[in-house]
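Structure, as structure tokens:
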Amino acid sequence: MKHYTLTPWKEVLLIMMKRKYRLWSLLIVVLFLTSCSLTDFLKSSEPNTNSSDVSQSQSSNGADTSNINGELEFEGIDKPQADIDLVVVRVSLKDELEDSLPVAVVVNPDVSRKPDLVWSVKLFFADRDLVMKGKPGPYGFVTPAIREVPVTTGILKYTLNELIKGPTSGEENLGSVLPPTVTINKLSIQDRIAVIDFDEALLTDHPGGTLGGSITMQALVFTATQFDSIDGVLVTVEGEPWDDGHFIWDTPIYERDLLNAVN
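All residue numbers for the sequence shown refer to the working numbering, where the first residue is 2 and numbers rise by one.
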């Protein structure tokens with residue numbers, strides 16, 4: 002067996018070659034690992050063409066499109082996706098607005114419903130029986146009819162307007178005390194005196210006569226003084242004292258005066 006002796010320079014060359022092979026081997030391993038990671042990364046970043054193709058095929062075939070809850074459906078191929086999204090948002094906003102409406106809001110109120118708050122008032126009309134007999138009763142020749150009226154701040158004017166309308170068909174043996182054509186020009190309460198100003202129809206359309214004037218006076222005074230804030234009544238026509246040719250109403254008339262007169 003032969004033994005070779007290496008010269009010094011050959012030994013150096015052999016050592017360098019061994020180191021070179023190690024470096025190359027290490028480099029190859031690094032490149033292999035890097036290439037694997039890069040390949041996986043590129044594969045994961047590719048778009049999912051399958052789902053896109055499915056969506057496009059559904060749109061092209063005129064398939065229905067529903068929202069998340071599956072409540073809305075849209076058909077047709079000529080409507081772009083942006084329009085569908087806009088419709089969905091609009092419907093959802095409408096639903097939210099309807100749900101947020103206060104409970105007190107009434108869309109279709111029942112106009113035939115009777116008011117919850119009413120007052121019972123007395124309307125004094127002519128008593129036909131007393132007039133026929135010519136004999137006054139507790140309130141002279143008038144009798145009260147009880148009515149329910151809605152609560153209002155202008156209760157006196159409302160009551161007087163009801164008095165102008167006259168008795169109802171159910172209020173038997175009662176007659177009108179004011180012409181139906183008359184209107185109230187002005188109404189005020191001063192020092193517990195109700196000052197009522199009528200238009201000229203109170204005189205021109207009134208049946209007249211001494212008894213007719215007395216019945217109108219009694220009806221107005223008893224109707225107005227039923228309210229706690231009123232003790233007496235003064236009636237004017239177009240700003241002037243009532244003068245029907247039989248009586249001039251130039252001073253207030255009080256309820257107690259009429260009660261004393263008839264009793």
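Ideal placement from N, C-alpha and C gives every residue a C-beta, glycine not left out.
For residue i, I'd like the list of residues in its chain whose CB is within less than 7 Å of its CB, leaving aside the five on either flank, ordered along the chain.
{"i": "residue 240", "result": "198"}
{"i": "residue 121", "result": "147 and 149"}
{"i": "residue 211", "result": "247"}
{"i": "residue 204", "result": "238 and 245"}
{"i": "residue 214", "result": "245, 247 and 248"}
{"i": "residue 201", "result": "238 and 239"}
Excluding five sequence neighbours on each side, which residues of the same chain lie with their C-beta closer than 6 Å to the C-beta of residue i?
{"i": "residue 188", "result": "158 and 197"}
{"i": "residue 206", "result": "180 and 182"}
{"i": "residue 174", "result": "129 and 130"}
{"i": "residue 243", "result": "236 and 250"}
{"i": "residue 132", "result": "142"}
{"i": "residue 217", "result": "178"}
I need the boundaries of the beta strand (DSSP E) containing residue i, first residue and last residue.
{"i": "residue 143", "result": "143-151"}
{"i": "residue 123", "result": "119-128"}
Going by the DSSP bridge assignment, what does residue i pair with across the sheet?
{"i": "residue 138", "result": "141"}
{"i": "residue 198", "result": "187 and 237"}
Closer than 8 Å by C-beta to residue i: which residues in its own chain qualify, once you throw out the five before and the five after it? Chain order, please.
{"i": "residue 231", "result": "157, 190, 193, 194, 195 and 225"}
{"i": "residue 50", "result": "Confidence in residue 50 is poor, its pLDDT being 48 and thus under 50, which makes the residue's placement unreliable; the coordinate value appears in the next sentence. Here the set comprises nothing."}
{"i": "residue 172", "result": "126 and 146"}
{"i": "residue 42", "result": "With a pLDDT of only 47 at residue 42, under the threshold of 50, the placement of this residue in the model should not be trusted; the figure read from the coordinates follows. If we look at residue 42 and ignore the five residues flanking it on each side, it has no Cβ neighbours."}
{"i": "residue 262", "result": "141"}
{"i": "residue 233", "result": "193, 194, 195, 222, 226, 253, 254, 255 and 256"}
{"i": "residue 152", "result": "116, 118, 119 and 120"}
{"i": "residue 1", "result": "No information on residue 1 is available, as it lies outside the stretch 2 to 264 that the chain covers here."}
Output the boundary residues of the alpha helix (DSSP H) element that contains residue i.
{"i": "residue 179", "result": "Element bounds for residue 179: n/a, residue is neither H nor E."}
{"i": "residue 172", "result": "Looking at the DSSP string, residue 172 is not in any alpha helix (DSSP H), and its letter there is neither H nor E."}
{"i": "residue 162", "result": "156-166"}
Determine, using beta-carbon pairs with one atom in the stretch 240-257 and one in the stretch 217-229, whether at least three such pairs fall under 8 Å. yes
To test your reading of the DSSP string, which unbroken beta strand (DSSP E) runs of 3 or more residues are found completely within the stretch 207-255? With a minimum length of 3 residues, the continuous beta strand (DSSP E) runs that stay inside the stretch 207-255 are 233-238 and 241-244.
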